[in-house]
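What follows is a set of notes on a single structure, which appears directly below.
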Amino acid sequence: MSVGRLLVDFTEFAIPEFDLEKTLNSGQVFHWEKIGNGFAGTIGDRAVYVEQRGEVLSACCTGEELDGFKPSGLSQLVSHYFALDHPLAEICASFPADLALNAARDFCRGLRIIRQPKWECLATFICSSMKQVAHIRQISLALRKRFGNPSNIDKHVVHTFPSARQIARASEKQLRACALGYRAKHLRATAQLVGSGKSNLKAWSALPDAELRERLCALPGVGAKIANCVMLFAYERLRAFPIDVWIERVLRQQYFPRRKRMTAPRLREFSETYFGEHGGYAQQYLFHHARLARRRSTSMIKSKKRNCSAGQVVSAPGLG
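Its first residue numbered 338, the sequence shown is counted upward by one per residue in our numbering.
Here it is in structure tokens:
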């Protein structure tokens, strides 16, 4: 990649047990864009380009200060953001030994839980309610382009995520123009609480899990699932186990296939105890594996239908 005049630092370092593409495409963050052999996005308010070749991770960025890190500390910034200090082998070894998790662990090898900026994570997941990953990416990009600040890496422009105060100053109509729908009201109301300091996201870092979850759930547009996402991805509470439609389907099919009346509270109770201290990692692996397996299955079915409609004979396994 050729680098533009705003580049202030470049670094590369070896890191085992990390898969950049799986990590960025696993439904944790929604703004990184595939550029050439790597990805361009932001860490806090700085534009960053990252690229992986084998176990070597390369990164370059713009600006004079990097969220408190000096340009010479780019390795530290990137390492912290991608949680390269998490003992991934130990975390995976702590998972319960069952068929569903074994398959997910093998499929998701190298996927790490990102340490996200708190407001950006909270706002993004408020926007995610009842939305698929592709739609969340569109909303995130629209908010960034309309309210964020642009920055260049070479010829590519990325936008920072708007601050809580920037969102609070926007009208509900302006937010709805970013395809938020009813979520615009919730996002604006929460932004007003955070931007005014009434809800101090940074100070909440000192709270125990139960109280942190309670504070988050009291915010407009935040329920148990979104609160657990924010706890996991922004507060590094690795026991947090968000349950969305994908995970609920996995839990019912893989762990309770014979129970037709498995209630949502019972599923939450099970997930909080069965998956242990790294339940958030287990959840993310199960989620990513289920989502991509479903996508591959759908693609294969469509391919077979096209072949059949074209007059090709498709034999069943073992019969052709």
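For every residue, glycine included, the Cβ atom is placed at its ideal position computed from N, Cα and C.
Open item on the list: Applying the 10 Å Cβ sphere with the 16-neighbour rule, what's the burial state of Pro353?
Closed with: exposed
Task: Segment contact, 8 angstroms Cβ cut-off, at least three pairs: the region 472-488 with the region 588-602 - done: no
Open item on the list: As a quick exercise: from His496, Ser363, Phe347, pick the residue whose alpha carbon is nearest that of Leu629.
Closed with: Ser363
Open item on the list: What does the alpha-carbon distance come out to for the pair Phe376 and Gln621?
Closed with: 21 angstroms
Task: Cutoff 7 angstroms; reference Arg442; Cβ partners in own chain excluding five residues on either side - done: Cys429, Phe432, Tyr622
Open item on the list: Is it buried or exposed, Leu357, if we count other Cβ atoms within 10 angstroms and call 16 or more buried?
Closed with: buried
TODO: Check Lys492 in the structure and name its three-state DSSP category.
DONE: coil
TODO: Quick one: give me the first and last residue of the beta strand (DSSP E) that Ala384 is part of.
DONE: 383-390
Open item on the list: Applying the 10 Å Cβ sphere with the 16-neighbour rule, what's the burial state of Gly538?
Closed with: The sequence given here places Leu at residue 538; Gly does not occur at that position. So Leu538 counts as buried.
Open item on the list: Only counting the same chain, and skipping five residues up and downstream in sequence, which positions put a Cβ closer than 6 angstroms to that of Gly532?
Closed with: Ala501, Arg502, Ala505
TODO: Look at the alpha carbon of Gln365 and the alpha carbon of Glu548, and state the distance between them as a whole number of angstroms.
DONE: 23 angstroms
Open item on the list: Which residue wins for smallest C-alpha separation from Asp422, given the options Cys398, Leu436, Ile450, Gly410?
Closed with: Ile450
Task: Cα-Cα separation, Asn565 to Ser608 - done: 12 angstroms
- [ ] Give the single residue among Asp435, Tyr611, Pro424, Leu394 whose Cα lies nearest to the Cα of Val415.
- [x] Leu394
- [ ] Using the Cα positions of Arg550 and Glu573, report the straight-line distance between them to the nearest angstrom.
- [x] 13 angstroms
Task: Alpha carbon of Ala479 to alpha carbon of Pro424, nearest angstrom - done: 36 angstroms
Task: Closest Cα partner of Ala561 within the set Asp581, Arg576, Gln511 - done: Asp581
Task: Proximity below 8 angstroms, CB of Val495 to CB of Gly378 - done: yes
Task: Euclidean distance between Cα positions of Ala471 and Ala420 - done: 24 angstroms
- [ ] Could you name the residues of the same chain whose beta carbon sits closer than 6 angstroms to that of Glu457, not counting the 5 residues immediately before and after it, in chain order?
- [x] Phe498
- [ ] List the DSSP bridge partners of Thr379.
- [x] Ala384
Open item on the list: Within 10 Å of its beta-carbon, does Tyr519 have 16 or more other beta-carbons around it, so buried, or fewer, so exposed?
Closed with: exposed
Task: Sub-8 angstroms separation of Leu438 and Thr348 beta-carbons - done: no
Task: Own chain partners of Leu588 with C-beta closer than 6 angstroms, once the 5 adjacent residues on each side are dropped - done: Leu604
- [ ] Give the C-beta separation of Leu524 and Leu530 to the nearest angstrom, bearing in mind that I take them to be a contact with Cβ-Cβ under 8 angstroms.
- [x] About 11 angstroms separates the two Cβ atoms, so there is no contact after all.
Open item on the list: Looking only at its chain, what residues have a beta carbon closer than 6 angstroms to the beta carbon of Leu569, apart from the 5 residues adjacent to it on each side?
Closed with: Ala577, Gly617
- [ ] List the DSSP bridge partners of Leu394.
- [x] Phe350, Gln389
TODO: Tell me where the beta strand (DSSP E) around Lys371 begins and ends.
DONE: 370-372
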